[in-house]
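Novice: To start, I am sharing the structure in question, which I have written as structure tokens.
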Amino acid sequence: MSCFASIRRRHALLLASTVLAPAFCVGGALAQSAPPEQLPPIEITKPGDQNLTRARPTNAETAAPARPAPGNTQTTNTGSGTGTGATSSGAGTGGTGGGRQFAGIVGASSTVITADDIAHSPVQSLPEILAQVPGVQLQSFFGGINGAKTSVDLRGFGAFASDNVLFLLNGRRLNDIDKAGFDLTTIPLDSIERIEITRGNSGAVLYGDNAVGGVVNIITKSGVGGPPVAIKAEAGVGSFNSRLAAVSAAVNSGPWSTSFYGNGIKSDGYRANNALDQRNGVGNINYTTPDLTAFLTVTGSDQKLGLPGGRLVDPSIGLNELATDRRGAATPFDYANQQAASATAGFTKTLMNGVDLIVDGGYRKRDTQSAFFGPVPFASPFPSFFSTYNDASLQTWSLTPRLSVKNAVLGMPSTLLTGIDYYDSTFHQERGAFKGLPPGHTYDLSQRTLAGYWQHTLGLLPTTDFSYGARVQNTSLSARDRYNPNAPDCATFFNCSAQAFPLDSNETQYALHVGVEHRFTDAFSVFGRAARAFRTPDVDERVSSGPAFDPFFTPLPQNFQLKTQTSEDAELGFRVKTNQFQVQTSAYVMDLQNEIHFNPVLFYNVNLDPTRRYGAETSASLRVSDTVTLRGGMAYTRAVFREGQFAGDDVPLVSRYTGNLGVTWNIWQNYLVFDATVRAWSTRIMDNDQANTQSRIPGNATADLKLSGQYDHFFWSVGVNNLFNALYYDYAIASSFTAGRFSAYPLPGRTYTVRAGATF
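Heads up: the sequence shown is residues 641 to 1400, going by my numbering.
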């Protein structure tokens, strides 16, 4: 189980302990059921693949033309189109040639973040960069240092965002079969060419499970087509004794090219026991000819992170650690470590004019170790009733062949993408009382998915595009729990649950998409779509899918069984695009069945009564002059229970209102550039408060500034984040038993970063 899931359960029990002494027993047992932090590594497909992203939007939301960013001289992925207005030949382009404003999944709402946007962003963690997109919300648990293990939420899934947002790297899945979600810090920022965000269910046809709230596709640079040799180096310092460094290099010779991107960061962290030590690397080799391209990519990452826990607030006893010891640690010894590696290879072969065969496959491995020693005053770096140690390994093999056919059907331009996705994952986890001691539970789960899909786009008229598609996916799962009653956590500390029942399951699900876009003029178009998506329960949810104890605290076996969550949504919107001004706005509604959620009273995962999401999102940009660009956006997001005991209540951890404003001012020919961004959000219900009776997480706003510049081969930047020193937090968990009692995870006030580097 991920640290996120483990922390939620631990703090729910900790908060309950003030009024229910037996809850310590429950807390110990459930903590024992908590696997370690599970974070997928990077996996990259071929940078030159013309169907790299399967469906790729253009940058329909950036009014200003791309300009050189300081130090950003690396050649990007020329195989799939770059920069504002670039057109992809991948699925969904339609090829209509009628001034189409959007070249992604027809009918979908989408945003593109370019390398230029990233280079000039005042914030330099990827989650915070994504949060400047309307409708994207964050949940941060570990001091927000470099965005480590920050959860990114699209369309209001709160605590379960990591299971409902699908992350891709160059069109390949990064989500694994556990709850950890994808840690964005494992991708060096300088390696990113662009990020494509497609909201809602439509991405499920092309990409499968988890694409409910949306899909975030990160496209990396390759160096293909660049100079014979290009090198970039950068170093920086910042608040909390942070030190960072990054290096990249690309070499081109004839049809061959190779590139490497690496970075590292060390920081003491905002809070006690909050240190971060992380290194990442991405290297690839490419072979590019007119009718055949091939690639090999290898990645690796290593992360060590201290877990400080929450700050306790209980007005009934006059306790407020947010005010008295904001930067302290509730868990001074807890930690989570992760090592990840991957290898991916593939090729694209033109079989005939308009027909391309794309075949790629990969292997990735992730090892995690996490230790929990209990909260103050019970915390001790020695084995005890409160201590647990989890050691896990997750391996995934994948093969994803596909065929792209671009031709004319009855005189209409047509693009068809069809393929097969095969993923084979094995998960092994040992849970004991302490590192080196025999585990009480050893979990082995294996999951295989085999899916077939197609997405067809037709240019019905020069001004009208229509798209439809479907996916059929079979998922088979085998789950086993080996129980050792003589292990210390079971025999000595009485801190383990009963052996779970075995499970063998086989299920077939489907996803659908239909969309249309019509252009009234070259500047104005309308779009709409309807889609169905699904997500299967992850291994963490299955492990905690039933009560661990009966009312008399007798251990009960769990059964790994939960129903698959399904979702149906519809969306309508319009786009305006001129040389000076661009705006995109849309409204949506999403109905879900069997949504998977953690029950705060029973302390295990259940399928909810039907839920609903609805809202609206708008983004705009205005080029005031050749040197000044304004941008902004806002979103209204509602996530509510439709039926059952919480009918009409809000789903926790979702702000109804979010917004952002920004400006880029090229003061002096790139020698001096000013960027500023303001991000604001409204209150949200605390985790564990489905009844909406507790106090709320306060809304707030942050202002971030950056001055940067470039002279010849040298570049620099100075950034100040949270300029007005707002003391805020975006995650808190409420007590199930004591009104007003909660635990919050505070985030940093004002911080700074200074960077400098050179290109060669």
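In this text, a Cβ means the ideal position worked out from N, Cα and C, and glycines have one as well.
A quick note: this is a predicted structure, and the numbers were derived from the prediction, not measured.
(1) Roughly how many whole angstroms lie between the Cα atoms of Leu945 and Asn913?
(2) Run through DSSP, which three-state label would Ala1396 get?
(3) Give the DSSP-derived three-state secondary structure of Ala886 in the structure shown.
(4) Taking all protein chains shown into account, do 16 or more other C-beta atoms lie within 10 angstroms of the C-beta of Gln714, making it buried, or fewer, making it exposed?
(5) Which parts of the segment 1071-1130 are runs of the beta strand (DSSP E), unbroken and 3 residues or longer, counting only runs that do not cross its ends?
(6) Using the rule of at least 16 other Cβ atoms within 10 Å of the residue's Cβ for burial, across every protein chain shown, is Trp1308 buried or exposed?
(7) To the nearest angstrom, report how far apart Gly730 and Ala886 are at their CA atoms.
(8) On the criterion of 16 or more Cβ atoms from any shown chain inside 10 Å, does Asn881 qualify as buried, or is it exposed?
(9) Do Arg1263 and Arg1282 count as a contact pair if the criterion is CB distance below 8 Å?
(10) According to the neighbour-count rule (16 or more other Cβ atoms, all chains shown, within 10 Å of its Cβ), is Asp1000 buried or exposed?
(11) For the 8 Å Cβ check, are there 3 or more pairs between the segment 1217-1235 and the segment 783-794?
(12) Does DSSP put Ser879 in a helix, in a strand, or in coil?
(13) Thinking C-alpha only, which one of His1353, Pro1292, Ser1348, Val1303 is nearest Ile1337?
(14) Any idea if Arg1122 is buried or exposed, counting beta-carbon neighbours within 10 angstroms, 16 or more meaning buried?
(15) Which ranges would you report for the beta strand (DSSP E) in the segment 769-825 if only whole runs of at least 3 residues count?
(16) Tell me Phe1018's beta-bridge partners as DSSP assigns them.
(17) Spell out the partners DSSP gives Pro1053 in its beta bridges.
(18) To the nearest angstrom, how far is it from the Cα of Thr1317 to the Cα of Leu1301?
(19) Please state the DSSP three-state secondary structure of Asp954.
(20) Could you have a look at Ser831 and say whether DSSP puts it in helix, strand or coil?
(21) Can you tell me which of Phe1354, Val1358, Asn1340 puts its alpha carbon nearest to the alpha carbon of Pro1386?
(22) Taking His1442 as part of the alpha helix (DSSP H), name the residues at either end of that continuous run.
(23) Going by C-alpha to C-alpha distance, which of Phe782, Val746, Phe1013 sits closest to Pro1388?
(24) Of the choices Tyr1371, Ala1256, Gly1397, whose alpha-carbon is the least far from that of Leu962?
(25) Report the three-state DSSP secondary structure of Tyr847 (helix, strand or coil).
(26) For the segment 1191-1278, list the alpha helix (DSSP H) runs that are entirely contained and at least 4 residues long, ordered along the chain.
(27) Does Glu1147 pass the burial test, meaning 16 or more other C-beta atoms within 10 Å, or should it be called exposed?
(28) Output the distance between the C-alpha atoms of Ala1011 and Ala976, rounded to the nearest integer angstrom.
(29) So, using beta-carbon positions, are Asn815 and Asn857 closer together than 8 Å?
(30) Taking a contact to mean a Cβ-Cβ separation below 8 Å, would you say Ser612 touches Asn926 in this structure?
(31) Nearest to Cys1130 by alpha carbon, out of Thr1204, Phe1026, Arg1120, Arg1169?
(32) Roughly how many angstroms lie between the CA atoms of Val1394 and Leu778, to the nearest whole one?
(33) Using CA atoms only, rank isn't needed, just tell me which of Gln918, Asp1352, Thr1028, Ser842 is closest to Arg1111.
Specialist: Concretely, from the data shown:
(1) As a first step, residue 945 is located in the sequence shown; it is residue number 305 there, counting from the start. As a first step, residue 913 is located in the sequence shown; it is residue number 273 there, counting from the start. Leu945 and Asn913 have their C-alpha atoms spaced approximately 8 Å apart.
(2) The residue labelled residue 1396 in the question sits at position 756 within the sequence shown. Shown here, Ala1396 sits in a strand according to DSSP, grouped into three states.
(3) By 1-based counting over the sequence shown, the position of residue 886 is 246. Ala886: strand per DSSP, three-state reduction.
(4) Sequence index remark: in the sequence shown, residue 714 carries index 74 (1-based). Its pLDDT being 41, under 50, Gln714 is placed unreliably by the model, and the measurement read from it follows with that caveat. The residue in question, Gln714, is buried, as its Cβ has 16 or more Cβ neighbours within 10 Å.
(5) Entirely contained in the segment 1071-1130, the beta strand (DSSP E) runs reaching 3 residues are, in chain order, 1081-1101, 1104-1123.
(6) Translated into the one-based positions of the sequence shown, residue 1308 becomes position 668. Flag for Trp1308 reads exposed.
(7) For this step, residue 730 is matched to residue 90 along the sequence shown. For this step, residue 886 is matched to residue 246 along the sequence shown. Summary for Gly730: the model assigns pLDDT 30, below 50, so the residue's position carries little reliability, and this model does not support an answer.
(8) Working through the sequence shown from its first residue, we reach residue 881 at position 241. An exposed status is given to Asn881, since fewer than 16 other beta-carbon atoms sit within 10 Å of its beta-carbon.
(9) Here residue 1282 refers to the residue found at position 642 when the sequence shown is read from its first residue. Here residue 1263 refers to the residue found at position 623 when the sequence shown is read from its first residue. Arg1263 is positioned such that its CB atom lies no closer than 8 Å to that of Arg1282.
(10) Numbered from its first residue, the sequence shown carries residue 1000 at position 360. Classification for Asp1000: buried.
(11) In this structure the segment 1217-1235 does not lie against the segment 783-794, because fewer than three pairs of beta carbons, one per stretch, are closer than 8 Å.
(12) Locating residue 879 in the sequence shown gives position 239, counting from the first residue. Looking at Ser879 - three-state DSSP - the assignment turns out to be coil, as it is neither helix nor strand.
(13) In the sequence shown, the residue the question calls residue 1337 occupies position 697. Of the candidates His1353, Pro1292, Ser1348, Val1303, Pro1292 places its Cα closest to the Cα of Ile1337.
(14) For the purposes of this step, residue 1122 is identified with residue 482 of the sequence shown, where counting begins at 1. The residue is exposed, with fewer than 16 neighbouring Cβ atoms inside 10 Å.
(15) If we require 3 residues or more, the beta strand (DSSP E) runs fully inside the segment 769-825 come out as 776-779, 791-794, 805-809.
(16) One-based indexing of the sequence shown puts residue 1018 at position 378. DSSP lists no bridge partner for Phe1018.
(17) Locating residue 1053 in the sequence shown gives position 413, counting from the first residue. Partner residues in the beta bridge of Pro1053, as assigned by DSSP, are Ala1048.
(18) For the purposes of this step, residue 1317 is identified with residue 677 of the sequence shown, where counting begins at 1. For the purposes of this step, residue 1301 is identified with residue 661 of the sequence shown, where counting begins at 1. Whole-angstrom Cα-Cα distance: 6 Å.
(19) Stepping through the sequence shown from its first residue, residue 954 is reached at position 314. Three-state DSSP puts Asp954 in a strand.
(20) Counting from 1 along the sequence shown, the entry for residue 831 is found at position 191. Helix.
(21) Against the sequence shown, residue 1386 aligns to sequence position 746. By alpha-carbon distance to Pro1386, the top candidate from Phe1354, Val1358, Asn1340 is Asn1340.
(22) Coverage of the chain is limited to positions 641 through 1400, which leaves residue 1442 absent and any answer about it impossible.
(23) Reading the sequence shown from its first residue, position 748 is the one you call residue 1388. For Pro1388, the nearest C-alpha among the options comes from Phe782.
(24) One-based indexing of the sequence shown puts residue 962 at position 322. For the residues Tyr1371, Ala1256, Gly1397, the minimum Cα distance to Leu962 belongs to Tyr1371.
(25) If you number the sequence shown from 1, residue 847 lands on position 207. In the structure shown, the three-state DSSP call for Tyr847 is helix.
(26) With a minimum length of 4 residues, no continuous alpha helix (DSSP H) run stays inside the segment 1191-1278.
(27) Position 507 of the sequence shown holds residue 1147. If you draw a 10 Å sphere on the C-beta of Glu1147, you find fewer than 16 other C-beta atoms in it, and that means exposed.
(28) Start at 1 with the first residue of the sequence shown, and residue 1011 comes out as number 371. Start at 1 with the first residue of the sequence shown, and residue 976 comes out as number 336. Straight-line spacing of the CA atoms in Ala1011 and Ala976 works out to 7 Å.
(29) Numbered from its first residue, the sequence shown carries residue 815 at position 175. Numbered from its first residue, the sequence shown carries residue 857 at position 217. In this structure, Asn857 does not lie closer than 8 Å to Asn815 by Cβ.
(30) This structure cannot settle anything about residue 612, because the visible part of the chain is limited to 641 through 1400.
(31) Position 490 of the sequence shown, counting from 1, holds the residue named residue 1130. Among Thr1204, Phe1026, Arg1120, Arg1169, the Cα nearest to that of Cys1130 belongs to Phe1026.
(32) As a first step, residue 1394 is located in the sequence shown; it is residue number 754 there, counting from the start. As a first step, residue 778 is located in the sequence shown; it is residue number 138 there, counting from the start. Rounded to whole angstroms, Val1394 to Leu778 spans 25 Å at the Cα level.
(33) On the sequence shown, residue 1111 is found 471 positions in, with the first residue counted as 1. Ranking Gln918, Asp1352, Thr1028, Ser842 by Cα distance to Arg1111 puts Ser842 first.
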